[in-house]
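Residue numbers (our numbering): 199 to 736.
Just so you know, even glycine gets a beta-carbon here, dropped at the ideal spot from N, CA and C.
Below: one structure, written as structure tokens.
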Amino acid sequence: MNRLTAAYLAVALVALFGGVVTGALQALEHAGVNLYPAVAAVVKSYYHGLTLHGVLNVLVWTTFFISGFVPWIAVRALEVPLASLRLGWAAFGLMTAGLVLAAVPLMGNAATVMFTFYAPLKAHWAFYIGLTLVVVGTWLVTLNLVITHRAWRARNPETRTPLAAFMSLVTFVMWTIASLGLAAEMLFMLIPWSLGLMAGTDALLARVLFWFTGHPIVYFWLLPAYISWYTLVPRQAGGKLFSDPLARVSFVLFLVLSTPLGFHHQFTDPGIGEGWKLLHAFITFAVFFPSLLTFFSLVASLENGARARGGKGWVAWFGKLPWGDPSLAAQVLAMILFAFGGIGGLINASFTMNLVVHNTAWIPGHLHLTVGTAVTLTFMGITYWLVPLLRGRQLWSRRLALIQVWLWVVGMAIFSNAQHRLGLMGMPRRTMISAAPYLQSEWQSALQLVGIGGTILFVSAMLYFANIVLTVVASREPAAVEVPFAEALSGPEHAPAILDRWRPWLVLTVVLIAIAYGPVLVRLIATTPFNTPGLRVW
Ligand code: HEM
Ligand SMILES: [Cu+2]
């Protein structure tokens, strides 16, 4: 199992490396430094690089890290072996094969369609089939987790599922339901169309199916970070989790509410009734509620740890957290930047305010706080103990890790703030902006800050990779082998039994999805002519 997880991490880290290199190119381009001619042998254009950036960061780095880490932590919490290590490797093999298949056209500039691959942009079929195989691989991970949990349940009929395992299951079950939209888009639209079996396609139906998965996928990225924040960080902070039952409530709400809200990405799309958009906006605000529960629980847990370490006062206790531990520092700082991401997210989700920020630089400003920091910096923080544990050797340098974490936070604060402001000034996203004839002089100072912040982020990322590689190849001291599971102030025995049952929540989930999506999907499928020809704009 350790080797399986290490294999997933290796692929994830290679992807992140490609992701930050392409990111640095973009940030420098915004600041007027065009390095694309220098790398033209590999990256053919700004948009080729941007597609690589999106796919590597948010589809590969996240998915592979999660598929390696989440089952691993679940198995540790259950204290049983993974049901089938064979199935585990089969899933990894399928995902990696899919990745390689998709990488060929992606690298070859035959799939420069951004990570959202909106139709009628048309990529090479291998790109769609490859990504579909990655998704199918994640379903095998779910299957393995479910069988593992059943085996555990047969031997422990009365006990509550340990929190980390419960959360892991929720994460993958939620994802499996949510990914059906993407699977349908691939299997019934993009794959047959790119193979020439279908004459045309349809932008709206493709987008509806994409966002069916495209919003919940952000919870697929976030929930594993939450697993660490709830079940590990309180212990790393020297304290206990505030409440185990409350944590379960929040995850059940994520299971139920994460999917039926994708229209908040389509407020400006014609062809979807306003009432449905409003319903999805309401559910988006509803899913903010478990996020608030999470925020409350985590602050209470951190305070518990800080006070146990002698922290005093209403706010001053915060300084008493073990800031010298890079894993903890990374994750607490990730939480702080995430709070700003959450506030911006409420603006994105608000029907009218969305019109101001839609498709502007505000959106990448937002998503670098969320997936780019809350998730990425947390995963980095996890690897600061997980890689040493898997390798059996101590982290190569704690100090370098601390510098890396703070650089990320400073770089991101500068970068993201500048992007948000550029968005408010109306600068579009997904644009090689220094080549745009409408480039405004008032954007200039913020564009320089994008370049500076992006460079700091890049340096931080390189320090991170150096530290991880040196830990694997050069570190000599043996590492601790214990997983930092936290106890809870209010333990699992206080959780109502219904929280540990699946059927009622799954039924509720499916019913809500059917209400929120059913009528629109039925109408679109019945009336869509599939007559839009494909485009290759690059
Ligand atoms: C060195 C670090 C990074 C830098 C300098 C950077 C820079 C950028 C820039 C400038 C853009 C805007 C491009 C445009 O709208 O034209 C962008 C987009 C994006 N970035 Fe990053 N980024 C970095 C790391 C990350 C990470 C770690 C993630 C996620 C894990 C991420 C995810 C994304 C996504 C999803 C987009 C939107 C892509 C699209 O519009 O198709 N980035 N990045
Ligand atoms: Cu969303």
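Following the DSSP letters along the chain, one finds S688 inside the beta strand (DSSP E) bounded by residues 686-688. Excluding the 5 residues flanking it on each side, A401 has same chain C-beta neighbours closer than 8 Å at Y316, A317, P318, T730, in chain order. Fewer than three beta-carbon pairs drawn from the segment 629-637 and the segment 697-711 are found closer than 8 Å, and the two stretches are therefore not classed as touching.
Straight across, the Cα-Cα distance linking T429 with L439 is about 7 Å.
Distances from the alpha-carbon of L250 to those of V302, G716, W583 put V302 closest. Under the three-pair Cβ rule at 8 Å, the segment 446-460 counts as touching the segment 407-423. Sequence-distant Cβ neighbours of T340 in its own chain, meaning closer than 8 Å and more than five residues away, are F370, V371, W373, T374.
L600 has its alpha-carbon roughly 13 Å from the corresponding atom of F663. With a cutoff of 8 Å, P562 counts as near ligand 1, since its C-beta is closer than that to a heavy atom of the ligand. Cα atoms of F480 and P488: separation of roughly 14 Å, rounded to the nearest angstrom. By the Cβ-count criterion, Y326 is buried, with 16 or more other Cβ atoms from all chains shown falling within 10 Å of its own Cβ. The beta carbon of M365 sits closer than 6 Å to those of I425, F449, all from its chain and outside the five residues before and after it, given in chain order.
If you look at L655, you'll find it in the alpha helix (DSSP H) that goes 642-671. Per DSSP, the continuous alpha helix (DSSP H) segment holding F449 begins and ends at 442-455. Each of T550, M623, F683, I650 was checked against the Cα of L584, and the nearest Cα belongs to F683. Rounded to whole angstroms, the Cβ separation of S265 and M293 is 7 Å, and the two are in contact under 8 Å. Under the three-state reduction of DSSP, P626 is assigned to strand.
Beta bridge pairing from DSSP links R591 with P676. Excluding sequence positions up to five before and after L588, its CB lies within less than 6 Å of the CB of N200, A204, all in the same chain and listed in chain order. Between ligand 2 and T558, a heavy atom-to-CB distance of less than 8 Å is absent. Closest in C-alpha terms to L276, from the list A213, L361, G221, comes L361. For H463, the CB stays at least 8 Å from every heavy atom of ligand 1. With distances taken between CA atoms, F290 lies nearest to P269 out of N665, P269, P279. Boundaries of the alpha helix (DSSP H) around R201: 200-228. One Cα belongs to L338, the other to I389, and the distance between them is close to 21 Å. In the three-state reduction of the DSSP assignment, T726 falls in the coil class, being assigned neither a helical nor a strand state. Excluding five sequence positions before and after M396, the CB atoms of its chain that fall closer than 8 Å to its own CB belong to M387, P390, F728, given in chain order. Three or more beta-carbon pairs separated by less than 8 Å link the segment 547-564 to the segment 464-482, which places the two stretches in contact. Rounded to whole angstroms, S392 and Y636 show a C-alpha spacing of 35 Å.
For Q638, there is no enclosing alpha helix (DSSP H), since its DSSP letter is neither H nor E.
Of the heavy atoms belonging to ligand 1, none sits nearer than 8 Å to the Cβ of A210. Judged by pairs of C-beta atoms under 8 Å, the segment 650-667 touches the segment 216-235, as three or more such pairs exist. In terms of CA proximity to L407, A376 leads the group V555, H228, A376. Closer than 8 Å to some heavy atom of ligand 1: that does not describe the Cβ of F487.
H463 is classed as buried because its beta carbon has at least 16 other beta carbons within 10 Å across all chains shown. Within a 10 Å sphere around the beta-carbon of M578 sit 16 or more other beta-carbons, which makes this residue buried.
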